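**Q**
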Amino acid sequence: MGTTIAVFNQKGGVGKTTTTVNVAAGLAEQGLKVLAVDIDPQGNTTSGLGVDKNKLKRTIYDVLLGGVSMKDVKMPTPMKNLDLIPSNMDLAGAEIELLDISKREYLLRNCLENIKNEYDYIIIDCPPAVNILTLNALAAANSVLVPIQCEYYALEGLTHLINTVRLVQQKINPDLYIEGIVFTMYDARTNLSLQVVEEVKRYFSKEIYTTLIPRNVRLGEAPSHGLPIMLYDEKSKGTESYRLLVEEILERKEA
């Protein structure tokens, strides 16, 4: 049975989708069978993996609300061993449509039941908010991977996030745990980045990955080409960093 990881931070612009795409691609690069699930109505993971989200006939919306099988929606990506369950703005209305459904927070988990044994890893890109779609992802996941930007308010946002995870553990998914915290948009030239890392380490030392994801032009360019960073520029700092992060994820699983 595969491991399901939700990539989650309720704050936008922290590198959540970049981390989803490149961790999924990095695991696939290791020869593992991986499924990326885009449950964000913005559909950035979908477009970041080379799929035109505006021309899709079926998406995760049809799985959650239309009774369509995951197997009928999944599609290949430019990365070998990496499949995608896509999303687009059709999902934006799901919040209202799900109101009358019993046990609505477990829909995604139930839908993944028939497909999860086909994959070593399932990586879910959550919306940048705590809503019913995010709760579906956290209910379906074994663990949460938290990208945080090296900025002044990082610790405050992280505290809220940890509280959200604890509530989910109490009410929805008691087995959920923090996979790890990864710093994104790290700039070694600034004192702020260094200070943020040190401050967060004081409170969450066990959960933090050693790998720091740098500010990197090529990482920013790759999504517009619909490619993970390792296919867009194999020699970039971004590629090196996400490969190291994937190594850490695999090492933790074996520990």
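Heads up: the sequence shown at position 139 corresponds to 124 in my numbering, and the numbers run straight through without jumps. Note that CB positions come from ideal geometry on N, CA and C, so glycine has one too. Remember, it's a predicted structure, so these values are computed and weren't measured experimentally.
(1) Classify VAL202 as buried or exposed, calling it buried when 16 or more other Cβ atoms lie within 10 Å of its own Cβ.
(2) Go through its chain and collect everything with a Cβ distance to GLY35's Cβ below 7 Å, but skip five positions before and after it.
(3) Anyone know if the C-beta pair for ILE70 and VAL53 falls short of 7 Å?
(4) Does DSSP put GLU103 in a helix, in a strand, or in coil?
(5) Let's see if you can read the secondary structure: which residues bound the beta strand (DSSP E) around GLU164?
(6) Would you report the Cα separation of ARG228 and VAL8, rounded to the nearest angstrom?
(7) Take the Cβ of ASN99 as the centre, count every other Cβ of all protein chains shown within 10 Å, and call the residue buried at 16 or more, exposed below.
(8) Would you identify the three-state DSSP class for SER178, choosing helix, strand or coil?
(9) Considering only the alpha carbon of each residue, which of ARG94, VAL115, ASN102 lies closest to GLU80?
(10) Restricting to runs no shorter than 4 residues, where is the alpha helix (DSSP H) found entirely within the segment 38 to 62?
(11) Quick one, are the C-beta atoms of LYS264 and GLY28 less than 7 Å apart?
(12) By Cβ distance below 8 Å, which residues in the same chain neighbour MET55 in space, the five residues on each side in sequence not counted?
(13) Is it true that the CB of ILE109 sits closer than 7 Å to the CB of ILE24?
(14) Does the separation of the CB atoms of LEU12 and TYR106 fall below 7 Å?
(15) To the nearest angstrom, how far is the alpha carbon of THR144 from that of TYR188?
**A** Concretely, from the data shown:
(1) exposed
(2) THR62, PRO63, GLY211, LEU212
(3) no
(4) helix
(5) 162 to 171
(6) Spanning the two alpha carbons is a distance of roughly 8 Å.
(7) So ASN99 ends up on the exposed side.
(8) helix
(9) VAL115
(10) Segments of the alpha helix (DSSP H) lying fully in the segment 38 to 62: 45 to 51, 55 to 58.
(11) This structure leaves residue 264 out entirely; the chain is present only between -14 and 240.
(12) Closer than 8 Å at Cβ, skipping near neighbours: VAL48, ILE70, CYS96, LEU97, ASN99, ILE100.
(13) yes
(14) yes
(15) 10 Å
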